[in-house]
Structures are given as structure tokens and as C-alpha cells.
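Encoded as C-alpha cells, the structure appears first; notes follow it.
Residue numbers (my numbering): 377 to 670.
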């Protein structure tokens, strides 16, 4: 008798789960893996980015409830479970100098204390694999960076009975990955493929900014074939209607080009308690086929 594999994806805001690793999650759900999204904040301070909804007074005054409904729709599309950790969105500060973060927001919490609800959720759900953001947050949003911090604490603490003793029976996750879907090799490949087909590329300015920055490339270790589920990913992303313009830049690359040129979602293996060989094509490499899992 086989045992079910479990994957937890830790994200900062509602919509992050649909723009980072969504096709991977949908793929694993189709294979019978139990997938849970942990959403750290309610996205209360997120701007309304869809120009068609800007100026809607109801949405502006009820953004928390609206984003929760969007999350519920995206969750159903992806077929995943989802839990809120209950923190308040920090917003993305802008200006020079940057203004202070709002009092009580997620990014200003004590890291050890803020990791407690995530430890509780790990011990309850018992994931074999966790995905989260790297130390830069993928991009330097304060909530993304804080998500990284609590994920690292929780990954190490969840299996230790002496830490967070009131949060349930210890559980030791076996692997932790950083989402690296917005990587330079993928961007270059799509950019060049579009130009070769005589199509306009939305990535020219991205690559120029990349060249001008001192941002170091990440080590991509794991490439999960998931092209079949790219349409599911896009449908889930569009469900976050306040955040995504269906006619915007996210959707300018034809689906068939994406599926042909870069048919994977990509990750960086950050922690592993099982032996594995790099590169991988499966987040459960080293776990699957052992101890009755499949």
C-alpha cells in the first residue's frame, strides 16, 4: 500500500501562489500529491493593478475580502488546499528615502515568533517538501524576505521537539526549495525565441535592467516538466483579478512558445535531508520510491 506525498508552498500574498510554481502544484495534484499553500498575509495593502478595476470604490474599501475571494477561486482552479497564517501585508514602500513600514505589519514581526504558525501548520500537514523564496525574496519586497526568514526557521524547527512545544507533534520536512521561475536563462530563451519568430518580446527592458544590475545569477537545480499545466496556471492567475490584467505583460508570450521553448518550472534546492542527484526533474527526487511513497 502506497503512502501519499505532501507538498507545502509558502507564499507572502494571495496571487503569489499562482505566479510562482502554480503549474508544478497543478501537476502534482493531478498525480495524487497532497498540496497545501500557506499564505502569510491577506494582501491588504496590495495595489489594484488591473486598470479595468482601478477606481472601484467597493474593491478599494473591501480589498481584504475581495482578495480572499480571489484566493478561493484560484485555490479551486489549482486543486490545492490553502491556509492563511494571519499576518498583515506590509505594502511595498516607495520613495527616497523609503518610508517606514506600517506598524504591526508582517515584515516587522519578530522572526522566531512569526515562524510559530508556520511550524504549527507544518506539524499538522506534515509536508515532505516545502517551497519558499530565497534570501532576496525573489525580489526585495519586505513580505517576501520575511517569508524566506520564517520558512528557514520553521524548516529547521518543525522536527525539533524542544522548539515550539505547544504546536503539535514534531515533523521533519525532507527538502526545501526556492522558487526561481523568473530566472535569466529562461528569460533569454523566451526573448530570443520571440524575436526569431518575428514577434515582439516583453523582455528587452528586463534584460537591460538585469545587465545593469549587480544581481547575481542563482543556481538552478531542479526543472519540473509542467508545460501541460501552464494554462491552468494562467487561469489561476487571472482569478486574482485585482492584481492581474488579462491583457497585460504576463500573457504576451504565446502559450505554444512557452510550452516549446521552456516547458519547466524551475527551483533551487536549498536544503535536503535525503540524497539526490543534481539536476533534478522532480521535487520529490530522493523521496519518491522510498518507504512506500509513489
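From the three backbone atoms N, C-alpha and C, an ideal C-beta is built for every residue, glycine too.
Where residue i and residue j are concerned, what is the direct C-alpha to C-alpha distance, given to the nearest angstrom?
i, j, result
"residue 664", "residue 553", "16 Å"
"residue 453", "residue 610", "10 Å"
"residue 607", "residue 631", "8 Å"
"residue 598", "residue 627", "24 Å"
"residue 521", "residue 543", "24 Å"
"residue 621", "residue 580", "20 Å"
"residue 433", "residue 422", "15 Å"
"residue 474", "residue 420", "20 Å"
"residue 559", "residue 515", "11 Å"
"residue 652", "residue 661", "6 Å"
"residue 538", "residue 545", "11 Å"
"residue 461", "residue 489", "12 Å"
"residue 485", "residue 529", "14 Å"
"residue 588", "residue 435", "38 Å"
"residue 510", "residue 526", "11 Å"
"residue 426", "residue 624", "9 Å"
"residue 629", "residue 437", "34 Å"
"residue 389", "residue 458", "12 Å"
"residue 479", "residue 573", "50 Å"
"residue 564", "residue 582", "10 Å"
"residue 471", "residue 584", "22 Å"
"residue 428", "residue 575", "26 Å"
"residue 592", "residue 586", "9 Å"
I'd like to know whether the C-beta atoms of residue i and residue j end up nearer to each other than 8 Å.
i, j, result
"residue 463", "residue 508", "no"
"residue 391", "residue 619", "yes"
"residue 566", "residue 650", "no"
"residue 541", "residue 504", "no"
"residue 413", "residue 448", "no"
"residue 533", "residue 495", "yes"
"residue 444", "residue 394", "no"
"residue 531", "residue 396", "no"
"residue 524", "residue 513", "yes"
"residue 601", "residue 639", "yes"
"residue 502", "residue 382", "yes"
"residue 415", "residue 387", "yes"
"residue 612", "residue 398", "yes"
"residue 714", "residue 617", "A question about residue 714 goes unanswered here, because the residues of the chain that appear run from 377 up to 670."
Considering only residues of the same chain and omitting the five flanking positions on each side of residue i, which have a CB-CB separation below 7 Å?
i, result
"residue 556", "594, 596, 642, 643 and 644"
"residue 562", "638 and 642"
"residue 468", "517"
"residue 569", "633 and 637"
"residue 547", "498, 499, 502, 534 and 535"
"residue 430", "424"
"residue 456", "401, 405, 411, 412 and 413"
"residue 408", "380"
"residue 492", "540 and 543"
"residue 442", "435 and 618"
Is residue i helix, strand or coil when you go by DSSP?
i, result
"residue 569", "helix"
"residue 657", "coil"
"residue 510", "coil"
"residue 538", "coil"
"residue 484", "helix"
"residue 382", "strand"
"residue 523", "helix"
"residue 377", "Below a pLDDT of 50, predicted positions are generally treated as unreliable, and residue 377, at 48, falls in that range; no measurement from the model is reported."
"residue 502", "coil"
"residue 491", "coil"
"residue 530", "helix"
"residue 640", "strand"
"residue 552", "strand"
"residue 645", "strand"
Go through its chain and collect everything with a Cβ distance to residue i's Cβ below 6 Å, but skip five positions before and after it.
i, result
"residue 466", "477, 481, 482, 483, 518 and 519"
"residue 380", "410"
"residue 666", "none"
"residue 605", "399, 402 and 403"
At a cut-off of 7 Å, is residue i close to the ligand ZN when judged by its beta-carbon and the heavy atoms of the ligand?
i, result
"residue 438", "With respect to small molecules bound, the structure shown includes none, and the ligand ZN cannot be examined in it."
Considering only residues of the same chain and omitting the five flanking positions on each side of residue i, which have a CB-CB separation below 8 Å?
i, result
"residue 571", "577"
"residue 659", "383, 400, 404, 505, 507, 551, 553, 598, 600 and 643"
Residue i CB to nearest chain B CB: under 8 Å?
i, result
"residue 662", "Any reference to chain B falls outside this structure, which holds one protein chain only."
Runs of alpha helix (DSSP H) wholly within the segment 554-636 (minimum 4 residues, chain order): 560-572, 580-588 and 606-615
Ordered list of beta strand (DSSP E) runs contained in the segment 398-470, each at least 3 residues: 410-417 and 457-463
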